[in-house]
Amino acid sequence: MNDRSVGVEIDATANWLEERGIRGAARLLRRVARQRDEAVRRLGLQPGAPAYSADGGEHPPPRDLDATLEAAMLRTDIARLQTLAERAGWVADPAAKRLWRWRDGWWELGHRRRNPKDGYHDTGWHLWGPAGSYDGEWVDRHKGPAMDEAERLITKHRTVARGDDR
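Our numbering numbers the first residue of the sequence shown as 48 and each following residue consecutively.
As structure tokens, then:
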């Protein structure tokens, strides 16, 4: 089920959960996101739509304290769900020799046999990431070192994507 109304990142995560048979978590994530959006709408905080008065001046919209608290709480809940997914680390996919990881998007570490026709020139673990990151890059022959190297590469990618020069 595609539900772009909750946001692209949340929808992608919910789709990923549904593909793996975790429909309850996907529904929960979408429901919390919709509740957050509804609380924000009740506040009159449409993204990119400032409130104007009769004199043409920009004024902040009136705020409902309950809706403000609910929106803040729901934003916190979504952040907690993402943090818990990130803390879970590499999760095995029971259908194949694959591991999944959430770190600002889904990452896959999969084992592939050498097959130059498919682009796999070495047998071992390959890393795929969100758009603009890694696309089947060979990491290591063995699982343990591959997981460590994948973490290093993901951290490096996130640092470059944020623009940090540390």
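The beta carbon of each residue, even a glycine, is placed where N, CA and C say it ideally should be.
Annotation for W147: no alpha helix (DSSP H) segment contains it, though the beta strand (DSSP E) segment containing it runs 145-149. Between W149 and A132, the C-beta gap is smaller than 8 angstroms, which places the two residues in contact.
In terms of Cβ geometry, G171 and H158 form a close pair [threshold 8 angstroms]. For R78 and E85, the gap between their C-alpha atoms comes out near 10 angstroms.
For the pair D124 and G210, the Cα-to-Cα distance works out to about 27 angstroms.
In this structure A118 touches L90 by the C-beta definition: roughly 6 angstroms separates them, less than 8 angstroms. Taking C-beta atoms under 8 angstroms as the contact rule, A80 and V53 qualify, at a distance of about 4 angstroms. Take the alpha-carbon of R161 and the one of D169: they are about 5 angstroms apart.
Shown here, L156 sits in a strand according to DSSP, grouped into three states.
Take E196, set aside five residues on each side of it, and the residues of its chain with a beta-carbon closer than 6 angstroms to its own are V186, D187, in chain order. Taking the CA atoms as reference points, D58 sits about 27 angstroms from D113. Beta-bridge analysis with DSSP links L174 to L156, E184. Residue burial annotation: G152 is buried, with at least 16 other C-beta atoms found within 10 angstroms of its C-beta.
Here A142 is exposed: its Cβ has fewer than 16 other Cβ atoms, across all protein chains shown, within 10 Å. Shown here, D58 sits in a helix according to DSSP, grouped into three states. The three-state reading of DSSP puts D140 in strand, counting E and B together.
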